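First residue of the sequence shown? That's 301 in this note's numbering, and the numbers climb one at a time after it.
Take a look at the structure set out below.
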Amino acid sequence: MNVPFNVAVCQLAISDNKEQNIGQARNQILQASERGAQMVILPEMFNCPYDHEYFVAFAESYPDGPTVKMMSATAKEAGVVLVGGSIPERDGEEYYNTCFIFGSDGSLLGSQRKIHLFDVELETLVFKESDTLTRGSTFRVIDTPFCKVGVAICYDVRFPELARAFVMNKAALMVVPAAFNMFTGPAHWELLLRARAVDNQIYVVGASPARNPSARYVYYGHSMIVNPWGDITAKAGAREDIIMASVDLGYLQQVRRQLPVLEHRRTDLFELKIAENIS
């Protein structure tokens with residue numbers, strides 16, 4: 301039997317004080333749990349400003365870093381599944397943009413590194429993540445007690461093949477920790493989240509940091525939860541906030557029965573090829 305569960309997004313205000321960011325994330329996870337959340341989702345790079353110097357300075361390794369220790373301990377304390385947005389991860393000489401997912405007992409359920417790096421020249425911004433970060437080389441669908449989850453970090457959401465690959469591997473929920481800016485956010489943020497939900501008939505959760513107009517990199521905000529019909533069931537504004545909505549797998553199945561898009565795919569004409577090393 302599919303029992304609905306409550307998903308919360310913590311739209312955090314990010315500062316250049318790592319300890320403060322970690323503490324605020326912990327506080328909001330606990331607040332979300334007190335409000336009835338069973339799964340809590342954090343934004344992209346929630347422990348540091350979105351800037352190369354902080355990616356390196358605030359990076360940490362699993363399992364010894366203070367951020368991952370906080371996430372594990374707080375998931376257990378709150379009794380929630382925690383999808384930890386992303387943080388700068390150091391692995392040897394390489395740096396990654398990585399999401400860690402913890403169970404309600406504090407155990408690591410899985411991790412996902414950002415696959416597509418944000419190397420762009422926009423009208424208002426030139427930014428190349430590859431100047432500091434290394435792209436992830438694999439993706440996985442992560443088992444949780446509620447459903448299978450795929451994580452697409454920010455720029456990853458622009459690649460529809462990834463969302464479809466998650467669905468082909470039985471994901472019912474795609475989490476998008478992201479840091480869209482004031483140029484891409486108003487134009488594409490809601491559009492992309494709703495499109496991925498409708499195309500794949502899954503729940504999609506977009507988790508953004510809160511907006512700080514005085515920051516060097518200004519986040520768009522507007523975290524949201526979208527159901528498989530493309531309806532927005534919860535949405536934040538620009539400021540720090542906690543939003544929550546129900547994820548109902550029974551409703552997901554209803555949508556797929558009414559519009560059997562996935563069954564109608566013409567796999568005799570085209571098919572998604574997934575690399576053999578993908579789990």
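Glycine included, every Cβ here is placed at the ideal spot set by N, Cα and C.
A quick note: this is a predicted structure, and the numbers were derived from the prediction, not measured.
Residue pairing by DSSP places asparagine 327 opposite no residue, since no beta bridge is assigned to it. The shortest C-alpha to C-alpha distance from proline 560 to any of Pro528, Asn321, Pro363, Ile574 is the one to Pro528. Residue nearest to isoleucine 532 within the set Leu342, Ile542, Val505 is Val505 (criterion: CA-CA distance).
Apart from the 5 residues on each side of it in sequence, proline 445 sits with its Cβ closer than 8 Å to the Cβ of Val381, Gly403, Ser404 in its chain, given in chain order. DSSP places lysine 376 within a helical segment (H, G or I) once states are collapsed to three. Between the alpha carbons of phenylalanine 305 and asparagine 317 lies a gap of roughly 33 Å. Around methionine 482, the same chain offers Val518, Tyr520 as residues with beta carbons nearer than 7 Å, after the five sequence neighbours per side are excluded. Counting the other CB atoms within 10 Å of its CB gives proline 366 a total below 16, which places it among the exposed residues. Annotation for glutamine 553: the continuous alpha helix (DSSP H) segment containing it runs 549 to 558. The beta carbons of lysine 414 and cysteine 454 sit closer together than 9 Å. By the neighbour-count criterion, in which 16 or more other beta carbons inside 10 Å mark a residue as buried, histidine 522 falls on the buried side. Counting other Cβ atoms within 10 Å of its Cβ, phenylalanine 480 reaches 16 or more and is therefore classed as buried. Considered as a whole, the stretch 505 to 529 harbours no complete run of any alpha helix (DSSP H) with no fewer than 4 residues. When the Cα atoms are used, arginine 556 and arginine 565 turn out to be separated by approximately 13 Å. Counting only unbroken stretches of 3 or more residues, the beta strand (DSSP E) elements lying wholly within the stretch 398 to 445 are 408 to 413, 419 to 421, 426 to 428, in sequence order. DSSP places phenylalanine 305 in no alpha helix (DSSP H) but in the uninterrupted beta strand (DSSP E) bounded by 305 to 311.
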